[in-house]
Amino acid sequence: MINLSNLILNYDFDLKLRDTYVLYGSAPLASEITRYIQDASPEGYGHAVTYARDFLIGSDLTKEEKNRFYTDLKEYGFMNVLVKNLNPVNRSKTLSSIYNIGKISESENAQYLEYAYENYYKLSVEPILSYHCLSELSWLGSSKYKDYLADLENSKDMISIFIIALLLNSKPQLEVSEMTSESVSERMFGVQYKSEEYENSIVKRIGLLESKFCELQEQMVDPVLVRNGFENFIAEFRSNQI
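Mapped onto this note's numbering, the consecutive letters of the sequence shown carry residue numbers 522 to 763.
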């Protein structure tokens, strides 16, 4: 019998997993991981999903063993559980699902993130999840990624500009047509910054806005109130240059 909790507890995240794979076998491991994550706590879910991903990415398994394990995970419903948790009922599980679906690095999985972006994040007040979803869609080479960015750029909505700002914050080289770090800073903060000032000024401001949005989400259940509170904070930010 596989004690998955014990395996994860004693895993050093060193990607040395082949001995475990050989000892228990691909199908039993895939089955137990899938069973475990269905009712796991948010923390346990994150650890178990990361554990499964590490077998597939960077571990000491052979290419054939990784392919076998990925096939078994899919057959036992592992990907179905991750896709189910893309619906942001629990944001911790959702973030873990977004990140690991991306990092598993199978382009076929872009469809799940595209669906989630269009149905769960894009039309709701979820800029943090939208940002993470777009980051992984970029990694997976989604054919819709540039269209999503263009839609954000063409929007006059401050939340859309905030999502682009988050992407620029993590990937300063990103440009969407004429949308650069400088133009985003002007639209969000009402001021222009030279490129050499980007790191010292914009990064700190975007980080502050991200923290504020997460704080508002914890305080308020109604997404409309979260959105209004965030837009009011940005307006105060622009007026006072907090």
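Heads up, the beta-carbon is just placed ideally off N, CA and C, and yes, glycines get one too.
Bear in mind that the values here come from a model prediction, so they are computed numbers and not experimental data.
Item	Value
Distance, E707 Cα to I625 Cα	36 Å
For K665, the three-state DSSP class (helix, strand or coil)	coil
Under the three-state DSSP convention, the category T583 falls into	coil
Span separating the alpha-carbon of N675 from that of L688	16 Å
Cβ-heavy atom distance, E635 to the ligand ZN, below 6 Å	As for the ligand ZN, it is missing from this structure, which has no ligand bound.
Whole-angstrom distance between K733 and Y620, CA atom to CA atom	22 Å
Reference T615; option with closest CA among K667, I755, Y566	Y566
Same chain, Cβ closer than 7 Å to I558, neighbours up to 5 away in sequence not counted	Y566, A569, V570, V602
Endpoints, alpha helix (DSSP H) assigned at D643	The sequence as given places Lys at residue 643; Asp does not occur at that position. Unbroken run through K643: none, as it is neither H nor E.
For A561, the first and last residue of its enclosing alpha helix (DSSP H)	No alpha helix (DSSP H) contains A561, which DSSP labels as neither H nor E.
Exposure of G623, with buried meaning 16 or more beta-carbon neighbours within 10 Å	buried
Integer Cβ distance of S580 from L538, believed to fall under 8 Å	5 Å
Contacts around G598, its chain only, beta-carbon distance under 8 Å, and the 5 residues preceding and following it disregarded	T555
Helix, strand or coil at K624 [DSSP, three-state]	helix
N- and C-terminal bounds of the alpha helix (DSSP H) containing E757	744–761
Assigned secondary structure, I685 (DSSP; H/G/I helix, E/B strand, else coil)	helix
Same chain, Cβ closer than 7 Å to H653, five either side skipped, listed in chain order	L616, I619, Y620
Own chain residues within Cβ distance below 8 Å of L655, not counting five before or after	Y638, Y666, Y669, L670, I684, L688
C-alpha distance - L594 paired with E629, whole-angstrom precision	15 Å
Alpha-carbon to alpha-carbon, S663 and E739	31 Å
Beta-carbon proximity check, S547 vs R589, cutoff 7 Å	yes
As assigned by DSSP and simplified to three states, the class of I578	coil
Where K537 falls: helix, strand or coil (DSSP)	coil
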